[in-house]
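To keep things clear, I will list the structure first and then write my remarks on it.
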Amino acid sequence: MKSILFLALACAQGASALAAEPAKFSLLDHPAPNVETLPQDHYGKLVREGRELATRTFAYVGPEVKDPNKRYAGNNLACTSCHQDGAAKPYAMPWVGVSATFPQYRGREDEVSTVEERVNGCMERSMNGKPLPLDSREMKAFVAYIHFLSRGVPVGASLEGAGTKASPPPNRRADPAAGEAIFKAKCAACHGENGQGLRAGQPGDAQGYVFPPLWGPDSFNNGAGMNRMLTAVNFIRHNMPQGTTYANPVLTDEQAYDVTAYILSKPRPVKANLEADFPARWNKPVDAAFPPYVDGASADQHRFGPYPPLMEMAKKRAAERQALGK
Ligand code: HEC
Ligand code: HEC
Numbered sequence: 024m025k026s027i028l029f030l031a032l033a034c035a036q037g038a039s040a041l042a043a044e045p046a047k048f049s050l051l052d053h054p055a056p057n058v059e060t061l062p063q064d065h066y067g068k069l070v071r072e073g074r075e076l077a078t079r080t081f082a083y084v085g086p087e088v089k090d091p092n093k094r095y096a097g098n099n100l101a102c103t104s105c106h107q108d109g110a111a112k113p114y115a116m117p118w119v120g121v122s123a124t125f126p127q128y129r130g131r132e133d134e135v136s137t138v139e140e141r142v143n144g145c146m147e148r149s150m151n152g153k154p155l156p157l158d159s160r161e162m163k164a165f166v167a168y169i170h171f172l173s174r175g176v177p178v179g180a181s182l183e184g185a186g187t188k189a190s191p192p193p194n195r196r197a198d199p200a201a202g203e204a205i206f207k208a209k210c211a212a213c214h215g216e217n218g219q220g221l222r223a224g225q226p227g228d229a230q231g232y233v234f235p236p237l238w239g240p241d242s243f244n245n246g247a248g249m250n251r252m253l254t255a256v257n258f259i260r261h262n263m264p265q266g267t268t269y270a271n272p273v274l275t276d277e278q279a280y281d282v283t284a285y286i287l288s289k290p291r292p293v294k295a296n297l298e299a300d301f302p303a304r305w306n307k308p309v310d311a312a313f314p315p316y317v318d319g320a321s322a323d324q325h326r327f328g329p330y331p332p333l334m335e336m337a338k339k340r341a342a343e344r345q346a347l348g349k
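This is the structure we're talking about:
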């Protein structure tokens, strides 16, 4: 009886492995695994290190740490300044399941990227820094933590709750001046009138922020995902002010759109060589606000919208390629 059951299970698994459709998995009703359940063995220790690195990045690889060789990040943010709740919060770019979705094709590189390369993508952009060496203890710790958070998620699954939740952009140019008023009313209490956040300690002490800066020299650079309007709108709409979740957004679509434009209209570090991003060009996102622009629309429209006409053109381009069998 047991062996028949086993056979039936094996067949069912075989069938699903052959199926063309990837498994679907929802992060919304699956609490992320708890690090405290792990033993203090080699794996358990490395996973804990990864979580510590993610939440206190500034204290280990930030620009103010004592050992100059460890200053990989260029700002004093933590990974969890954006990847909230220990990188386990749905629609705040959670790392839950990320081990199951990499290696993955990435338009920014027009290449299949590994999870290590994705970590370094955020090191060089969100953290405005340098890539971690692939064989470093820090890289291993990040990958181990991501691996642990991905327990139980089937390899190749398509995930609900991953990335950010789309919020439809209003069909108009965003209004940074209207955004400034929203910023003062709903954001400045924590992030400061000048957007520079609130330090945990003193500049130079590598203790990071209670409330992170949103622009200026210690923020993410202009090549970061958070510097793209639609990505940032989706994040802010479903995660800010702090305490907001996708299920109870505080800002309206219109408010999120304008306040994001205000933040992204401010100066921030500049990443060299951005024009090399999205080398295939046809799949360059409409809100990647740096040249070259492939669709003839203005730089300003890519930066502040209106986006629906650009999205229409992008859809057409993709359909034309498909028709050509590319
Ligand atoms: C109650 C305090 C609070 C308020 C109000 C608040 N934030 Fe935040 N914000 C935070 C904290 C804390 C983080 C870091 C992530 C975390 O710990 O949740 C953060 C992170 C962020 C980030 C990503 C990290 C970074 O440095 O870029 C953005 C963007 C952001 N907030 C935008 C906003 C906007 C826009 C508003 C107003 C609509 C807002 N926040 C209101 C506390 C706040
Ligand atoms: C300023 C905000 C911000 C900070 C800080 C940040 N990230 Fe990210 N990260 C993002 C955004 C936005 C995305 C998704 C959008 C994109 O692909 O650009 C992302 C995506 C990722 C992904 C892929 C997630 C997926 O669903 O495929 C990984 C892994 C990652 N980041 C790791 C890190 C690590 C490690 C750190 C710290 C060393 C870090 N990030 C710091 C904003 C940030």
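Note that this note's numbering gives residue 118 to position 95 of the sequence shown, counting from 1, and the numbers run on in steps of one. Note that CB positions come from ideal geometry on N, CA and C, so glycine has one too.
Problem set entry | Neighbourhood of Thr283 by C-beta, 8 Å cutoff - its chain only, sequence neighbours within 5 removed | Ala197, Gly202, Met252, Ala255, Val256, Ile259
Problem set entry | Cβ-heavy atom distance, Ala185 to ligand 2, below 6 Å | yes
Exercise. Is Ser181 near ligand 2, with its Cβ less than 6 Å from a heavy atom?
Worked result: no
For this session: Take the Cβ of Asp90 as the centre, count every other Cβ of all protein chains shown within 10 Å, and call the residue buried at 16 or more, exposed below.
Result: exposed
For this session: Evaluate Ala96 with the Cβ neighbour count: other Cβ atoms within 10 Å of its Cβ, from every protein chain shown; 16 or more gives buried, anything less gives exposed.
Result: buried
Exercise. Is Ala337 near Val309, with beta carbons less than 7 Å apart?
Worked result: yes
Problem set entry | Burial state of Leu28 (16 or more Cβ within 10 Å) | Residue placement at Leu28 cannot be trusted, given a pLDDT of 46 that sits under 50; the coordinates are not used to answer.
Problem set entry | Cβ-based burial, Ser360 [other Cβ within 10 Å; buried from 16] | Because the chain spans 24 through 349 in this model, residue 360 falls outside it and cannot be assessed.
Exercise. Is there at least one non-hydrogen atom of ligand 1 closer than 6 Å to the beta-carbon of Leu76?
Worked result: no
Exercise. Taking Cβ positions, are Pro54 and Ser181 nearer each other than 7 Å?
Worked result: no
Exercise. DSSP state of Ser149, grouped into three classes?
Worked result: coil
Problem set entry | Whole-angstrom distance between Gln107 and Glu183, CA atom to CA atom | 17 Å
Exercise. What residue ranges within the segment 201–280 form continuous beta strand (DSSP E) runs of no fewer than 3 residues, ordered along the chain?
Worked result: 232–234
For this session: Could you tell me whether any non-hydrogen atom of ligand 1 is closer than 6 Å to the CB of Ala55?
Result: no
For this session: Name, in chain order, the residues that DSSP records as bridge partners for Lys47.
Result: Ser181
Problem set entry | Under the three-state DSSP convention, the category Val135 falls into | strand
Exercise. What number of angstroms, rounded off, separates the C-alpha of Ala167 from the C-alpha of Asp158?
Worked result: 13 Å
For this session: Please report how far the alpha carbon of Ile169 lies from the alpha carbon of Cys105, in whole angstroms.
Result: 15 Å
Problem set entry | Proximal residues to Ser39 (C-beta, below 6 Å), its chain only, five neighbours per side dropped | Low confidence applies to Ser39: its pLDDT is 48, below 50, so where it sits in the model is not reliable, and the reading given next is rough at best. If we look at Ser39 and ignore the five residues flanking it on each side, it has no Cβ neighbours.
Exercise. For Ala295, which option in Lys339, Ala247, Glu335 has the closest C-alpha, if you only look at C-alpha atoms?
Worked result: Ala247
Exercise. Does DSSP classify Gln127 as helix, strand or coil?
Worked result: strand
For this session: Mark Tyr83 as exposed unless 16 or more other C-beta atoms lie within 10 angstroms of its C-beta, in which case mark it buried.
Result: buried
For this session: Might you give, ordered along the chain, the residues of its own chain that have their beta carbon closer than 8 Å to the beta carbon of Phe301, omitting 5 neighbours on each side?
Result: Gly130, Arg131, Asp133, Lys307, Pro308, Ala311
For this session: Run the proximity test for Ser149: is its beta-carbon closer than 6 Å to any non-hydrogen atom belonging to ligand 2?
Result: yes
Exercise. At which residues does the alpha helix (DSSP H) containing Gly67 begin and terminate?
Worked result: 65–78
Exercise. Between Leu221 and ligand 4, is the CB less than 6 Å from at least one heavy atom?
Worked result: Ligand 4 is not part of the structure shown, which contains ligand 1 and ligand 2 as its ligands.
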